[in-house]
Amino acid sequence: MFPIVDLAVMVFQSILTVFVNPLFWVVLVLVYNQYKKSCMLEERMLGRVRYTVWERMAGSIAAGLAGGLVGSIVMVAVGVTLDNTGILYVWMIAIVLMLINPRYMCFSYAGGLLALASLAFGFPRIDVPALMAIVAILHLVESVLIFLNGCKHSIPVFLEDKTHGVVGAFNLVRFWPIPIIIMTVIIGQIPPEGSVPMPDWWPLLKPMGITGDMEDVMFLMLPVVAALGYSDIAITDTPARKSRHSAVNLFAYSIVLLGLAVLSSYHKPLQWLSAIFGPLFHELIIITGRRKQKKGIPLFVSPASGVRVLDVFEGGAADKMGITAGDVITGINGRRVEREEDLSAVLEQYPTFIWVDRTNLDGRSETCEFSQYPTGVNRLDVIVVPRNSSVVTTAVEISSPLKRLIKKLRSRRNRA
Numbered sequence: 000m001f002p003i004v005d006l007a008v009m010v011f012q013s014i015l016t017v018f019v020n021p022l023f024w025v026v027l028v029l030v031y032n033q034y035k036k037s038c039m040l041e042e043r044m045l046g047r048v049r050y051t052v053w054e055r056m057a058g059s060i061a062a063g064l065a066g067g068l069v070g071s072i073v074m075v076a077v078g079v080t081l082d083n084t085g086i087l088y089v090w091m092i093a094i095v096l097m098l099i100n101p102r103y104m105c106f107s108y109a110g111g112l113l114a115l116a117s118l119a120f121g122f123p124r125i126d127v128p129a130l131m132a133i134v135a136i137l138h139l140v141e142s143v144l145i146f147l148n149g150c151k152h153s154i155p156v157f158l159e160d161k162t163h164g165v166v167g168a169f170n171l172v173r174f175w176p177i178p179i180i181i182m183t184v185i186i187g188q189i190p191p192e193g194s195v196p197m198p199d200w201w202p203l204l205k206p207m208g209i210t211g212d213m214e215d216v217m218f219l220m221l222p223v224v225a226a227l228g229y230s231d232i233a234i235t236d237t238p239a240r241k242s243r244h245s246a247v248n249l250f251a252y253s254i255v256l257l258g259l260a261v262l263s264s265y266h267k268p269l270q271w272l273s274a275i276f277g278p279l280f281h282e283l284i285i286i287t288g289r290r291k292q293k294k295g296i297p298l299f300v301s302p303a304s305g306v307r308v309l310d311v312f313e314g315g316a317a318d319k320m321g322i323t324a325g326d327v328i329t330g331i332n333g334r335r336v337e338r339e340e341d342l343s344a345v346l347e348q349y350p351t352f353i354w355v356d357r358t359n360l361d362g363r364s365e366t367c368e369f370s371q372y373p374t375g376v377n378r379l380d381v382i383v384v385p386r387n388s389s390v391v392t393t394a395v396e397i398s399s400p401l402k403r404l405i406k407k408l409r410s411r412r413n414r415a
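Under numbering that gives the first Met the number 0, the first residue of the sequence shown carries the number 0, and numbering increases by one thereafter.
Right, dumping it as structure tokens:
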């Protein structure tokens, strides 16, 4: 019987030691800086910050710890070891790829390229199944985090569409510090007190260079720190639907890649398949997802009559009334609403009681009410899709650092 409970306890105890690891705090600083940039974007777009950096950080740390626990249990259950995986080479390749395009700084690309180089040229000599299993499990953790946490704190933005004019969208940006357990192999040592005996079929991934009897082989848990990020944009879907769709695709990709990695440890020709599948299908998921968002019909467009709600501020009047993203406000206090100024004309009188006519994305119309005595209501706290193109932000990919450097050098040479 597989000792899942004993292993889970050991994994949890090992993960807790990450808090004394300086690298964990370095990762937290990096995550903090990324969220600070998100808050600056939100303030520029909306005039105020809806969620502070620390609110975003707290959610990410909690989710990251949970994700790390799940990923660590999978790592141990499969028997993934860090030995001979060439992880240093992976980081070096990832940094080079980042110079070409920041989104290529991913272990699926770097790991796949390193695995192919090892298979084709014999250098560096690495454990390809273990490396691809690490890539698969990290993406498995990422898919779970995206599904549960990916749409949280999404940032409303406005884009210019050639057909529909100004459209609303959501910038989905999440970062998670991940403490995770990866094992290393020690041969010929007496197991210390408190070690957990494993079944005969374990590990699923046989460590590179070890053949035959595994009785004198001992596996040690090593807590390491990783950081996972998710960046996406929701134009044709709500943030929740977009993130969950991305998570399901990534989860399926991870399971298939993990299966290929395990099988390839027993059938060497499959190592080629896992090394090719890793980067190729990861890129395919990204390309198809972006194409759907660019070619599809935008969800948040200005209606012919009324104003479209892109999002609501948490705890505001609209939120308390039940108004949600995608609703079209057609009237307030008996007055027809054609543009945002019509809302302001009523609310600037500070009415103590308001009723709002709205139509949701399903086409259902209803009237919702709200009262605030004695101060009155002076704003709904909603973000509406404007008709004025002057408020549009441009959604562009982060350009290649290498291209920026070459461009800067060329401009200096031209000036000289």
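Glycine included, every Cβ here is placed at the ideal spot set by N, Cα and C.
Beta carbon of residue i nearer than 8 Å to that of residue j
i, j, result
"Gly228", "Phe312", "no"
"Lys151", "Gly58", "yes"
"Cys38", "Val25", "no"
"Val79", "Met207", "no"
"Ala274", "Met91", "no"
"Val355", "Thr366", "yes"
"Val300", "Val89", "no"
Start and end residues, beta strand (DSSP E) containing residue i
i, result
"Ala93", "It is not in any beta strand (DSSP E) - Ala93 instead sits in the alpha helix (DSSP H) that spans Ile86 to Ile99."
"Cys150", "No beta strand (DSSP E) contains Cys150, which DSSP labels as neither H nor E."
"Gly228", "Val216 to Ala233"
"Trp201", "Element bounds for Trp201: n/a, residue is neither H nor E."
"Val355", "Phe352 to Thr358"
Rounded C-alpha distance that separates residue i from residue j
i, j, result
"Phe276", "Val224", "26 Å"
"Ala316", "Leu203", "56 Å"
"Ile382", "Asp231", "20 Å"
"Ser370", "Ala168", "30 Å"
"Gly288", "Ser245", "8 Å"
"Ser304", "Thr329", "7 Å"
"Lys294", "Leu309", "20 Å"
"Leu96", "Phe218", "33 Å"
Local Cβ density within 10 Å of residue i, reported as buried at 16 or more and exposed below that
i, result
"Ile3", "exposed"
"Ala61", "exposed"
"Gln270", "buried"
"Ile449", "Shown here, the chain extends from 0 to 415; a query on residue 449 therefore has no answer."
"Glu347", "exposed"
"Ile322", "buried"
"Met215", "According to the sequence provided, residue 215 is Asp. The question's Met does not apply to it. Asp215 should be labelled exposed."
"Gly333", "exposed"
"Phe352", "exposed"
"Asp361", "exposed"
Enclosing alpha helix (DSSP H) for residue i [first to last residue]
i, result
"Asp310", "Where Asp310 is concerned, there is no enclosing alpha helix (DSSP H), although the beta strand (DSSP E) it sits in stretches over Val306 to Val311."
"Trp24", "Pro21 to Leu45"
"Leu115", "Phe106 to Phe120"
Proximal residues to residue i (C-beta, below 7 Å), its chain only, five neighbours per side dropped
i, result
"Ile72", "Leu6, Ala7 and Val10"
"Trp200", "none"
Proximal residues to residue i (C-beta, below 6 Å), its chain only, five neighbours per side dropped
i, result
"Arg412", "none"
"Lys241", "Ala233"
"Asp326", "Val308, Arg357 and Asn359"
"Leu379", "Ala316 and Ala317"
"Glu339", "Val306 and Val383"
"Ser153", "Phe169, Leu171 and Pro238"
Distance cut-off 7 Å: residue i Cβ against heavy atoms of the ligand ADP
i, result
"Gly375", "Looking for the ligand ADP in the displayed structure turns up nothing, as the structure carries no ligands at all."
Close Cβ partners of residue i (< 8 Å) along its chain, the five nearest in sequence each way excluded
i, result
"Ala116", "Phe122 and Pro123"
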